[in-house]
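Take 1 as the starting number for the sequence shown in our numbering and just add one per residue.
All residues carry an ideal CB built from backbone N, CA and C; glycine is no exception.
Predicted, not measured: the structure shown is a model, and the values here were computed from it.
Inspection log for the structure reproduced underneath, given as structure tokens.
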Amino acid sequence: MDRAVPIARGVPRFTARPPAGSIVKHLFLILAAVVVAYPFFFMVTSAFKDLLEATHTPPTLLPTKLHPENFVDAWNRAPWGRYFVNTILVSVVVTVLELATACLAAYAFARMRFPGKGILFTLFLATLMIPGEATLVPNYVLMSPSKAACLGLPCLGWFDTYQVQIVPFIASAFSIFLMRQFFLAIPNELSDAARIDGAGHLRFLWSIVLPLSVPALITAGLITFLGSWNAFQWPLIVTSKPDFRPVQVGLSAFRQEAGSSYHLLMAASTFVVAPIVLLFLVAQRYLVQGIARTGIRG
1 MDRAVPIARG VPRFTARPPA GSIVKHLFLI LAAVVVAYPF FFMVTSAFKD
51 LLEATHTPPT LLPTKLHPEN FVDAWNRAPW GRYFVNTILV SVVVTVLELA
101 TACLAAYAFA RMRFPGKGIL FTLFLATLMI PGEATLVPNY VLMSPSKAAC
151 LGLPCLGWFD TYQVQIVPFI ASAFSIFLMR QFFLAIPNEL SDAARIDGAG
201 HLRFLWSIVL PLSVPALITA GLITFLGSWN AFQWPLIVTS KPDFRPVQVG
251 LSAFRQEAGS SYHLLMAAST FVVAPIVLLF LVAQRYLVQG IARTGIRG
């Protein structure tokens with residue numbers, strides 16, 4: 001006689017409650033996100049308000065009526081087209097040249113042996129602790145067209161040019177460090193195989209190392225491009241003509257011209273910030289991947 005098989009009764013399942021620490025952490029992250037995003041949100045919404053609503057106290061969160069003509073009016077009040085051309089040109093050239101110098105220097109520090117390599121790399125890293133303001137005066141004296149400002153030293157006289165905004169920034173200790181750390185993670189077996197096939201250092205760098213380092217290249221390039229796009233202090237000092245001014249200096253000049261027209265100022269700020277925000281949103285996955293895959297090997 002067959003024995004009856006007992007039927008297991010359903011056991012109620014209980015959903016584990018998230019720990020209190022996790023709730024606090026997420027609340028803190030949400031609060032931080034709101035604090036960071038609110039100025040950008042306020043700028044965009046104010047760009048669509050009229051003058052009365054943009055200057056209303058207390059400020060309104062959303063416009064009662066959209067005014068997209070603010071962007072056209074703000075664009076026509078300044079040579080923004082020239083500003084954008086200058087900024088894109090300088091940012092692209094600085095990014096390309098800095099990546100080139102960073103890859104060459106990083107490869108030397110990561111894959112080559114020479115006397116004093118450790119000391120030299122330490123000196124490179126030490127420059128990261130020097131604030132940019134400390135090198136502002138020496139760079140100004142070097143680039144100045146005035147013989148009196150040169151203090152008897154040879155000067156380049158590059159004011160109101162593109163090269164004065166490019167040359168001082170074609171080398172970055174941070175980019176060298178970032179690329180070096182990524183190059184260190186590449187297996188030595190690849191370099192041994194390339195050496196057996198007769199490849200030299202440049203061929204190995206170009207054909208093997210750089211294709212494997214695309215995430216790090218995108219990360220370093222994006223950081224460099226963002227820094228060049230947002231540059232303000234140095235271009236403000238070395239440019240006086242709109243023909244060579246970038247958008248950040250142009251926005252500062254427009255702030256004086258717009259006066260109390262805050263809605264136009266917000267519109268101008270929006271189309272100055274929009275391209276770089278879109279670029280970051282498109283490349284953020286590569287940025288995170290590049291930083292995550294960059295080791296901390298010595």
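Could you confirm whether any beta carbon from chain D is found closer than 8 Å to the beta carbon of residue i?
i    : result
I176 : Absence of chain D from the displayed structure is noted, only one protein chain being present.
Do you know how far the Cα of residue j is from the Cα of residue i?
i    : j    : result
V277 : Q284 : 10 Å
G118 : M112 : 11 Å
L251 : S22  : 42 Å
Q165 : E98  : 13 Å
A267 : F48  : 7 Å
F177 : H263 : 43 Å
N86  : F114 : 41 Å
L210 : Y107 : 10 Å
L27  : P58  : 27 Å
F109 : A199 : 19 Å
T122 : M129 : 12 Å
V167 : T64  : 48 Å
P145 : F232 : 20 Å
G298 : A134 : Residue placement at G298 cannot be trusted, given a pLDDT of 49 that sits under 50; the coordinates are not used to answer.
L142 : L156 : 6 Å
L287 : A258 : 36 Å
F40  : L61  : 12 Å
L236 : N76  : 22 Å
L202 : C103 : 11 Å
Could you give the first and the last residue of the continuous alpha helix (DSSP H) run that contains residue i?
i    : result
P215 : 214-229
R111 : 80-111
E53  : 51-54
M143 : 136-143
F121 : 117-126
F71  : 69-76
L202 : 201-204
So, is residue i buried or exposed, given that buried needs 16 or more other C-beta atoms within 10 angstroms?
i    : result
V90  : buried
I223 : buried
M1   : Unreliable placement is indicated for M1, whose pLDDT of 47 sits below 50; no coordinate value is reported for it.
W206 : exposed
T239 : buried
K260 : Residue identity check: residue 260 is Ser in the sequence provided, not Lys. Looking at its Cβ environment, which holds fewer than 16 other Cβ atoms inside 10 Å, S260 is exposed.
N300 : With the chain covering 1 to 298 only, the question about residue 300 has no answer from this structure.
V94  : buried
V92  : exposed
V247 : buried
Any alpha helix (DSSP H) of 4 or more consecutive residues that is wholly inside the region 159-189: Taking only runs of at least 4 residues, the alpha helix (DSSP H) segments lying wholly in the region 159-189 are 163-166, 173-184.
message: Which runs of the alpha helix (DSSP H) at least 4 residues long sit entirely within the region 220-289? Give them in chain order.
response: DSSP runs (the alpha helix (DSSP H)) wholly in the region 220-289: 233-238, 247-258.
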